[in-house]
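Peer 1: I have a structure here, written as structure tokens, and I will follow up with some questions on it.
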């Protein structure tokens, strides 16, 4: 049984790599280019259709899993029958994002699509973040706040993944590591639908990453980043709803993205800046601008991702007091990293000392 799922994931990885390679070639007919702008760390136009490879290979894996289910070879997953709406919302997000890559839709339209997809998951699949666990203090039911907070979570995860897709190998690596940890956790908890979605996402992103690692030959574009971000948010909601874990587990796993994107957004809001405008204020961008190479920066981020994923696994196995220590420890690490980035900038005279972290 496990061998069949692993074989499908290997095929998905290989297919993703093959399609990504084709899309990265100058002769590719799907030649949508990402031109350097205010948020870019690259200095020449790059193809941004890698997300199509992720989408195609993921869909192929889903079809293969469906055939396993129909044939009776796999009896441990009812993901197509009972979760069709979730899958539909994933591809709805992806298709609209592909249009955005092609025609550049207005921000308001993109936001409405993200909200609509989030509502589809919440009201159609009937999954919400019903409670918030506070280590030592206990768990609090969100009641009437459950629906709006779940929608906000899904929309923010979708967008922050897009914001953080700005460095060679970054979003692809976060997907391999993040979905890899979610797969292990869900499979260990016997939630096979979640596990298979996460496994297929990790495999699809892995094939893409082969050609996106520094120096990148192709980017995933909005079609890839929003698809993966929405999937990460949805799997987190499902895990909380099914009581597999509390919300801190996926927050820890994806914290390299969540912390950077959220803190950067708050900093720009406090400075009165237009948050929807392109910029290079994310910490990973500031590290590169301060003198770190793409390769060095992304390797440091990979180490952080693996450490955060491992801390999430440990978090699930310990008591309330130790959980609080883990959360505070991670917060302290991020605070140290923020000071480190600021110090590197000051050494290169990129940022005045009085500017907030």
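Residue numbers (my numbering): 1205 to 1561.
Note that the Cβ used here is the ideal one computed from N, Cα and C, for glycine as well.
Since the structure is predicted, the reported quantities are computational estimates derived from the model, not experimental observations.
In the DSSP assignment, the alpha helix (DSSP H) including residue 1535 goes from what residue to what residue?
Peer 2: Unbroken alpha helix (DSSP H) run through residue 1535: 1524 to 1551.
Peer 1: Just tell me which of 1490, 1508, 1526 has its CA closest to the CA of residue 1550.
Peer 2: When only C-alpha atoms are compared, the closest one is 1490.
Peer 1: Just the Cα atoms here: how many angstroms apart are residue 1222 and residue 1383?
Peer 2: Roughly 21 angstroms between the two C-alpha positions.
Peer 1: Report yes or no: do the region 1405 to 1418 and the region 1526 to 1542 share at least 3 C-beta pairs separated by less than 8 angstroms?
Peer 2: At 8 angstroms Cβ cutoff, the stretches do not touch.
Peer 1: Are residue 1508 and residue 1460 touching if we call contact CB-CB under 7 angstroms?
Peer 2: Closer than 7 angstroms, so yes.
Peer 1: Give the straight-line distance between the Cα atoms of residue 1316 and residue 1260, rounded to the nearest whole angstrom.
Peer 2: Answer to the nearest angstrom: the Cα atoms are 25 angstroms apart.
Peer 1: Suppose only complete runs of 4+ residues qualify. What are the alpha helix (DSSP H) ranges in the region 1395 to 1440, listed by chain order?
Peer 2: With a minimum length of 4 residues, the continuous alpha helix (DSSP H) runs that stay inside the region 1395 to 1440 are 1396 to 1416.
Peer 1: Can you name the start and end residues of the beta strand (DSSP E) that residue 1345 belongs to?
Peer 2: Run containing residue 1345: 1342 to 1345, per the beta strand (DSSP E) assignment.
Peer 1: Hey, is residue 1308's beta-carbon within less than 7 angstroms of any beta-carbon in chain B?
Peer 2: In the displayed structure, chain B is absent; only one protein chain is listed.
Peer 1: Alpha carbon to alpha carbon, how far is residue 1214 from residue 1449? Give it in angstroms, no decimals.
Peer 2: Cα to Cα, the separation comes out at about 28 angstroms.
Peer 1: Between the Cα of residue 1417 and the Cα atoms of 1521, 1464, 1455, 1376, which residue gives the shortest distance?
Peer 2: Checked all of 1521, 1464, 1455, 1376; the closest Cα to residue 1417 is 1376.
Peer 1: Please go through the same chain and pick out, in chain order, the residues whose beta-carbon is closer than 6 angstroms to the beta-carbon of residue 1420, but skip the five residues on each side of it.
Peer 2: Closer than 6 angstroms at the Cβ level, and outside the excluded window around residue 1420, lie 1372.
Peer 1: What does DSSP give as the partner residue(s) for residue 1336 in the beta ladder?
Peer 2: DSSP, once it has assigned bridges, lists 1344 as partnering residue 1336.
Peer 1: Output the boundary residues of the alpha helix (DSSP H) element that contains residue 1459.
Peer 2: Note, residue 1459: alpha helix (DSSP H), 1459 to 1474.
Peer 1: What do you reckon, is the C-beta of residue 1262 under 6 angstroms from a heavy atom of the ligand HEM?
Peer 2: Here there are no bound small molecules, and the ligand HEM is not part of this structure.
Peer 1: Report yes if the C-beta distance between residue 1402 and residue 1358 is below 7 angstroms; otherwise report no.
Peer 2: No, Cβ-Cβ distance for residue 1402 and residue 1358 is not below 7 angstroms.
Peer 1: Should the region 1392 to 1400 be called in touch with the region 1225 to 1236, which here means at least 3 C-beta pairs below 8 angstroms?
Peer 2: Counting Cβ pairs under 8 angstroms, fewer than three are found: no touch.
Peer 1: Which partner residues does residue 1230 have in the DSSP bridge list?
Peer 2: Bridge partners of residue 1230: none, in fact.
Peer 1: Sort out for me which residues DSSP pairs residue 1562 with in a bridge.
Peer 2: Only positions 1205 to 1561 of the chain appear in the structure, and residue 1562 is not among them; the question remains open.
Peer 1: Could you spell out where the alpha helix (DSSP H) holding residue 1500 opens and where it closes?
Peer 2: Taken as a continuous stretch (DSSP letters only), the alpha helix (DSSP H) holding residue 1500 covers 1498 to 1521.
Peer 1: Out of curiosity, what's the CA-to-CA distance linking residue 1548 and residue 1447?
Peer 2: Their Cα atoms are separated by approximately 42 angstroms.
Peer 1: Return the CA-CA distance between residue 1225 and residue 1498, expressed in angstroms with no decimal places.
Peer 2: Approximately 21 angstroms between the Cα atoms of the pair.
Peer 1: Mind listing, in chain order, the continuous beta strand (DSSP E) runs of no fewer than 3 residues lying wholly within the region 1290 to 1328?
Peer 2: You should have found no qualifying run.
Peer 1: According to DSSP, simplified to helix, strand and coil, what is residue 1393?
Peer 2: In this structure, residue 1393 counts as coil in the three-state DSSP scheme.
Peer 1: Closest by CA to residue 1545, which one among 1506, 1513, 1486?
Peer 2: Ranking the options by Cα distance to residue 1545, first place goes to 1486.
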